[in-house]
Amino acid sequence: AMNTYLRVLRLVRPYLPFILLSMFFMVIFSLLSGFSIVMIAPFLEALFTPETADIAVTGAAGSHAIVVPDTLGVADAVTRADDLQRSFSVTGLRDDLMARLKAWLHRDTKMETLWVIVLVFFILNLVKNLSGYLQTVCTDYVQHSFIRDLRNRLFEKFTSLPLSFYHNHRAGELISRATNDVLVVNRSVNVSFTNLARDPVMIVMYLAMALLLSWRLTLLAMLVLPLSMLIIVRIGKKLRKYSHRQQEKMANITTRLQETISGIRVVKAFTSEGRENARFRAESQRLFKDLFKIARMQRLSSPLTEQLSVLVGLFVLWYGGRQVLGGGELPPHLFILFLFFVFSLGRPIKELSQVNNAIQEGLAAAERVFAVLDHPVEILENARAAALTDVRGDIELRGVRFSYRDGAPVLKGVDLKVEPGEVVALVGASGAGKSTLVDLIPRFYDPTEGQVLLDGHDLRDLTLASLRGAVGLVTQEVILFNDTVRNNIAYGLPDVGIDEMVAAARAANAHDFIVAMPDGYDTLIGDRGLKLSGGQRQRLSIARAILKNPPVLILDEATSALDTESEKLVQEAIDRLVRDRTTIVIAHRLSTIQHVDRIYVMQAGRIVQIGDHEALLADTAGPYRTLHDLQFRT
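Okay, so the sequence shown: first residue is 62 according to our numbering, each after it adds one.
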């Protein structure tokens with residue numbers, strides 16, 4: 062837990078100047094808070110001391126009386142021995158300081174003195190509140206910068222993590238870590254640099270003042286501290302455990318929302334609104350139970366510590382009152398001042414109990430955030446990686462084996478060769494390994510064994526930017542963003558001109574429907590492009606690939622879900638796209654690949670047949686013929 066907390070604090074190191082500035086204003090605020098209470102003593106004396114009275118200071122032993130002239134402070138008539146004795150006396154130090162304060166404030170009449178006290182009190186509070194404001198501004202800057210930078214780090218980590226990471230984590234859970242968990246971590250940082258820095262200073266200030274007034278009564282008052290700390294620690298341990306569970310439940314809620322909203326068409330089609338509502342209510346109820354447990358514990362620590370403070374305070378009031386009435390060491394106005402300090406201790410002690418609660422919750426959230434930040438980035442560039450230039454498009458797989466983490470082998474010794482400019486197709490039943498094989502080419506994964514080469518270079522010896530810049534991808538599931546048509550076509554190509562974009566759209570048979578839209582190329586296409594038809598989305602995806610103009614193309618053929626006219630337009634666009642570039646097609650319908658240069662038939666992670674359409678069809682006992690007969694019989 063301590064290592065996690067220290068790691069969180071290290072994240073705020075870039076904002077150290079603002080933290081130090083915040084602490085500076087915090088110290089001023091705390092000192093002036095204490096001094097404002099000190100001003101009560103001369104105020105009471107100004108009201109209740111007779112007009113002609115001099116300022117009397119009683120020595121530590123109570124045997125010496127020193128008369129201090131109104132305008133001169135402490136009299137010079139004290140002997141050197143008495144001065145030495147009083148310098149080592151807490152009571153003497155207290156009386157000396159109070160005498161100097163009263164002498165500084167004293168004026169010719171009580172009314173003038175009262176005006177001075179009121180003016181000083183006003184100035185003290187003005188500076189104190191200004192310091193408090195500046196302290197909160199600095200703290201707010203730190204915490205909002207922290208949220209921004211931590212979310213940026215998480216997002217950058219999300220974009221660098223391998224695809225295998227996303228196979229094992231739900232999208233809603235990851236969204237929750239970047240939103241809810243970051244806010245919880247921020248709360249713990251906020252209290253660390255506000256309450257955790259301010260409240261101990263105020264406690265020390267009030268204790269020092271109380272000790273100066275009466276060390277005996279202060280020791281009695283301090284009985285509350287160990288009991289309060291015991292309560293704070295016990296409740297904090299439970300809070301951390303429940304906070305872990307609560308954050309997991311919040312991730313479930315986010316996942317349920319994300320899945321239902323993204324799949325709302327299916328929900329409505331299957332009239333599953335009631336079922337989804339019930340599932341969400343169940344998740345919400347589980348979250349409610351954990352939140353309520355946390356709230357009960359949070360609310361419990363504050364009244365318990367406050368009640369302990371009140372009990373001790375009342376005991377001090379009774380005991381000290383007896384001392385005052387019996388003519389003890391503390392005069393009435395200083396006893397009232399002492400009570401102000403003792404009861405003022407209650408608020409920072411009470412807030413410290415809340416600090417521990419927030420820190421424990423923050424630690425639970427921080428562990429979830431760090432679990433993402435610490436996840437290894439499996440696809441790393443070789444230190445000697447070279448940029449790929451003048452790409453021909455020669456692709457080769459040599460003895461490639463691949464397994465997902467802790468899973469069965471998916472590819473089992475694949476050998477494949479594609480010459481520059483060739484169009485080859487991968488066919489096979491679902492689960493044969495086609496998608497995994499093509500995912501190795503842009504290096505979304507590295508093979509467990511064997512090599513993948515482009516133009517004779519092992520992919521691990523190439524920079525990722527140059528490799529992926531040379532590979533275009535048209536997926537079966539079209540990925541578009543909630544942005545304009547222009548930005549979706551030019552995705553990843555910020556410097557492209559409008560003429561090039563229009564040419565790519567024309568080649569993809571997309572220009573006509575784009576210009577017919579309300580804002581043409583500047584039309585927003587909605588979340589995942591859902592304002593467009595399936596065929597329109599496919600053609601935008603193809604236009605994006607044409608504009609990129611990659612030497613190597615991976616095409617996950619996906620025209621089967623389109624109507625006849627859309628399929629014709631998309632197929633024409635695909636024919637233009639694959640021209641003069643090395644292309645690997647994942648074929649779902651054999652009718653679309655009859656004219657490719659070569660077909661690779663895959664079964665259970667192996668290539669079991671190689672040839673063109675006619676040759677493979679002639680092998681009546683082969684798996685390609687079986688697939689062909691199944692499709693065309695259907």
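The beta carbon of each residue, even a glycine, is placed where N, CA and C say it ideally should be.
Residues in its own chain within less than 6 Å of residue i by CB, not counting five upstream and five downstream?
{"i": "Thr140", "result": "For Thr140, the predicted model reports a pLDDT of 39, less than 50, meaning its position is unreliable and no value from the coordinates is stated."}
{"i": "Ser192", "result": "Phe86, Ile89, Phe90"}
{"i": "Leu70", "result": "none"}
{"i": "Pro75", "result": "none"}
{"i": "Val461", "result": "Leu472, Val475, Pro508, Gly511"}
{"i": "Met578", "result": "Thr584"}
{"i": "Val513", "result": "Leu458, Leu501, Leu520"}
{"i": "Leu365", "result": "Ile292"}
{"i": "Ser124", "result": "Confidence in Ser124 is poor, its pLDDT being 41 and thus under 50, which makes the residue's placement too unreliable to answer from."}
Which first and last residues belong to the alpha helix (DSSP H) in which residue i is found?
{"i": "Ile236", "result": "232 to 237"}
{"i": "Met283", "result": "Segment: none, Met283 is in no alpha helix (DSSP H) and carries neither H nor E."}
{"i": "Ile550", "result": "546 to 550"}
{"i": "Ala227", "result": "According to the sequence as given, residue 227 is Tyr; it is not Ala. Start and end: 224 to 228."}
{"i": "Leu651", "result": "From DSSP, Leu651 is part of no alpha helix (DSSP H); its letter is neither H nor E."}
{"i": "Ala444", "result": "Element bounds for Ala444: n/a, residue is neither H nor E."}
{"i": "Val245", "result": "243 to 254"}
{"i": "Lys609", "result": "595 to 609"}
{"i": "Asn64", "result": "63 to 72"}
{"i": "Phe505", "result": "Taken as a continuous stretch (DSSP letters only), Phe505 belongs to no alpha helix (DSSP H), as it is neither H nor E."}
{"i": "Thr332", "result": "Careful: Thr332 lies outside any alpha helix (DSSP H) and carries neither H nor E."}
{"i": "Lys685", "result": "Looking at the sequence shown, residue 685 is not Lys but Tyr. Tyr685 -> alpha helix (DSSP H) spans 684 to 694."}
{"i": "His436", "result": "It is not in any alpha helix (DSSP H) - His436 carries neither H nor E in the DSSP assignment."}
Closer than 8 Å by C-beta to residue i: which residues in its own chain qualify, once you throw out the five before and the five after it? Chain order, please.
{"i": "Asp500", "result": "Leu224, Tyr506"}
{"i": "Ser248", "result": "Correcting the residue identity first, residue 248 is Arg in this sequence and not Ser. Ala419, Glu422, Gly423, listed in sequence order."}
{"i": "Lys189", "result": "Ile89, Phe90, Leu93, Ser94, Ser97"}
{"i": "Gln670", "result": "Ile660, Tyr661, Val662, Leu677, Asp680, Gly683, Pro684, Tyr685"}
{"i": "Ile668", "result": "Val475, Asp476, Leu477, Tyr661, Val662"}
{"i": "Pro261", "result": "Pro409, Leu413"}
{"i": "Ala114", "result": "With a pLDDT of only 42 at Ala114, under the threshold of 50, the placement of this residue in the model should not be trusted, and no figure is reported."}
Nearest to residue i by alpha carbon, out of the options?
{"i": "Pro393", "options": "Ala577, Ser275, His305", "result": "Ser275"}
{"i": "Arg453", "options": "Phe463, Leu378, Val479", "result": "Val479"}
{"i": "Tyr227", "options": "Leu281, Glu439, Leu608, Arg209", "result": "Glu439"}
{"i": "Val657", "options": "Gln664, Gly672, Ala551", "result": "Gly672"}
{"i": "Thr644", "options": "Gly511, Leu608, Ile660", "result": "Ile660"}
{"i": "Thr450", "options": "Gly511, Leu523, Phe341", "result": "Leu523"}
{"i": "Leu391", "options": "Gln204, Leu280, Leu273, Asn570", "result": "Leu273"}
{"i": "Glu633", "options": "Ile314, Ala569, Val203, Thr687", "result": "Ala569"}
{"i": "Asn549", "options": "Met578, Pro508, Leu268, Arg598", "result": "Arg598"}
{"i": "Gly596", "options": "Gln196, Asn610, Asp573", "result": "Asp573"}
{"i": "Gly492", "options": "Leu352, Ser652, Ser464", "result": "Ser464"}
{"i": "Glu605", "options": "Gly387, Leu534, Lys411", "result": "Per the sequence shown, residue 605 should be read as Arg rather than Glu. Out of Gly387, Leu534, Lys411, Leu534 has the C-alpha closest to the C-alpha of Arg605."}
{"i": "Val639", "options": "Tyr194, Leu318, Gln655, Leu614", "result": "Leu614"}
{"i": "Gly530", "options": "Arg504, Val513, Thr545, Val546", "result": "Arg504"}
{"i": "Phe401", "options": "Ile184, Ala282, Arg214", "result": "Ala282"}
{"i": "Val204", "options": "Leu72, Lys329, Leu406, Thr653", "result": "First, the residue type needs correcting, since residue 204 is Gln and not Val in the sequence shown. Considering only alpha carbons, the answer is Leu72."}
{"i": "Leu67", "options": "Val246, Ala448, His436, Asn229", "result": "Val246"}
{"i": "Phe693", "options": "Arg567, Ala665, Thr653, Gly666", "result": "Thr653"}
Name the DSSP bridge partner or partners of residue i?
{"i": "Asp641", "result": "Note: Asp641 sits in no beta bridge, so no partner."}
{"i": "Arg462", "result": "Lys473, Glu510"}
{"i": "Lys478", "result": "Glu457"}
{"i": "Gln308", "result": "Its beta-bridge partners do not exist; DSSP assigns none."}
{"i": "Ile671", "result": "Tyr661"}
{"i": "Pro519", "result": "It is Asp, not Pro, that sits at residue 519 in the sequence shown. DSSP, once it has assigned bridges, lists Leu514 as partnering Asp519."}
{"i": "Leu585", "result": "Thr545"}
So, at 7 Å on beta carbons, what are the nonlocal neighbours of residue i in its own chain, with the 5 sequence-adjacent residues on each side left out?
{"i": "Ala551", "result": "Val557, Met562, Leu608"}
{"i": "Thr200", "result": "Ser83, Asn251, Phe254, Thr255"}
{"i": "Leu77", "result": "none"}
{"i": "His689", "result": "Leu651, Leu678"}
Would you check whether the ligand COA has a heavy atom nearer than 7 Å to the C-beta of residue i?
{"i": "Asn241", "result": "Judged by which ligands are present, the structure shown has none, so any question about the ligand COA falls away."}
Since residue i is in the beta strand (DSSP E), which residue starts that stretch and which ends it?
{"i": "Leu616", "result": "613 to 617"}
{"i": "Ile559", "result": "Premise fails: Ile559 lies in the alpha helix (DSSP H), 559 to 568, not in any beta strand (DSSP E)."}
{"i": "Ile660", "result": "659 to 664"}
{"i": "Leu534", "result": "532 to 535"}
{"i": "Leu398", "result": "That residue, Leu398, is in no beta strand (DSSP E); its alpha helix (DSSP H) goes 393 to 405."}
{"i": "Ala486", "result": "484 to 488"}
Next item on the list: Would you be able to state if there are at least three C-beta pairs under 8 Å between the region 227 to 245 and the region 424 to 441?
Entry: A contact exists between the region 424 to 441 and the region 227 to 245.
Check: How about the region 590 to 601 and the region 539 to 558: do they share at least three Cβ pairs that are nearer than 8 Å?
Finding: yes
Margin query: Using 8 Å as the cut-off, can you tell me whether the region 410 to 420 makes contact with the region 255 to 267, which would need three or more C-beta pairs spanning the two stretches below that distance?
Written below: yes
Check: For the region 321 to 341 against the region 371 to 378, are there 3 or more C-beta pairs whose distance is under 8 Å?
Finding: no
Note to self: Using 8 Å as the cut-off, can you tell me whether the region 298 to 308 makes contact with the region 211 to 218, which would need three or more C-beta pairs spanning the two stretches below that distance?
What the structure shows: no
Check: Should the region 338 to 354 be regarded as contacting the region 393 to 403, the criterion being three or more beta carbon pairs within less than 8 Å?
Finding: no
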